[in-house]
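This report refers to the structure that appears directly beneath it.
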Amino acid sequence: MFKYFRFSCLFLITAYPCLTHAEISKTTIYQFSERKFGNTEVPVEITWPTSGKKPYPVIISQHGSERDGKTFIGGIGKTDEYTKRLIRKASARGYAVFAIDAFYKKGVGANDKKQFPQASAYAEQLRDRIGEIADLDIGNIFYTGFSFGGRSVVDELPKRAGIVKWRALAAAEPDCNTFWAPSLSQTPMLIMKGQESHYPPKPCEIMANLYRKSGYEISVKIFPKSNHYFSHNGRIVKGKAYNGCSDDPVIIYNLREFKTASGVSVSLDELRKGKCFTPTGGSGKTREDLDAAIETALDFFDKHRTP
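What follows is the structure in structure tokens.
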């Protein structure tokens, strides 16, 4: 069963300052599944738009490895700063926003990257249930996310022809160190990267060039002064990052065939043992370019909305 928590800013502005923009939100707990954690509870905060016409287009947003933005309405579930700001800006443009907490009750932290769930599976299952909710446009469903969430968006690229269900995809600061070889899917994608990120833009540019050669609409937007957090005060610190294959990313042809962009074969065992991991991290959260990144993603979604 779902657990519902609904609050209106008309009555609870002081208790819930996140609703001072007249957003109306609720948190629903879904039962979703993926390969690592099996069937599990996944909180989703749903925010209805403050403008626009019904049926509303939908954005599903996935947090990064740090849920540093806000706690969901009702106190169950969290998301990051990217999604927190996205909710406010997207609702003002007429989008309903579904924010997923993929880490709920899983005991994973920012450096437990090998233990992260396959969050794109949660997004797919949520997308396929959007039609159960009134006043939402199932023909205009978009997917975005930051960092780990951006990686989850990139994971949605290799879908077969005729299986396209996303209107468009926007990945903020994904790693792109491994990616699937182009298939016949034609879902438009935007990738946003900080030039100074400890996840360098290079593998995403390599991926985008390869996909464009196969006929994809895919672009990479670089923020010249930004680090991983779209901040201008970035520095490299000790941590854990999936950035060790940035100069020669690994292309996945199937679950038995892996080759670097330069053509060198890689085994699944090498990847599982951490071939693309390094003991580095990024720091600095002044976020001068974060709002601009979110507006760029929303402009991209606006461009691809159908009447």
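Sequential numbering of the sequence shown, starting at 1246, is according to this note's numbering. Backbone N, C-alpha and C define an ideal beta-carbon position, used for all residues, glycine too.
When the Cα atoms are used, Thr1505 and Lys1298 turn out to be separated by approximately 47 Å. For Thr1273, there is no enclosing alpha helix (DSSP H); the residue is found in the beta strand (DSSP E) stretching over Ile1269 to Glu1279. CA-to-CA, the gap between Arg1480 and Gly1529 works out to about 6 Å. Its chain contains Pro1419 and Asp1420 as the residues whose beta carbon lies nearer than 6 Å to that of Arg1396, once the 5 sequence neighbours on both sides are disregarded; these appear in chain order. For Gly1484, the enclosing beta strand (DSSP E) begins and ends at Arg1480 to Ala1486. For Ala1537, the CB contacts under 8 Å within the same chain, skipping 5 residues up- and downstream, are Phe1468 and Phe1475 in chain order. Assigned with DSSP and collapsed to three states, Lys1298 falls in coil, not helix or strand. About 6 Å separates the CB atoms of Ala1415 and Phe1545; that is less than 8 Å, so the two are in contact. Shown here, Lys1548 sits in a helix according to DSSP, grouped into three states. Residue pairing by DSSP places Trp1293 opposite Ile1269 in a beta bridge.
With contacts defined as CB atoms closer than 8 Å, Pro1427 and Tyr1456 qualify as a contacting pair. When DSSP states are grouped into helix, strand and coil, Glu1326 belongs to the helix group. Taking a cut-off of 8 Å for Cβ pairs, the region 1435-1448 and the region 1481-1496 touch, as three or more such pairs fall below it. Residue pairing of Trp1425 in beta bridges, as defined by DSSP: Ile1497. For Pro1448, the enclosing alpha helix (DSSP H) starts and ends at Lys1447 to Lys1458. Under the DSSP assignment, Gly1384 falls in the beta strand (DSSP E) whose first and last residues are Leu1381 to Phe1391. The criterion of a C-beta distance shorter than 8 Å is satisfied by Tyr1367 and Ala1347. Put simply, of Pro1300, Gly1484, Val1509 and Pro1524 the residue whose alpha carbon is nearest the alpha carbon of Ile1496 is Val1509.
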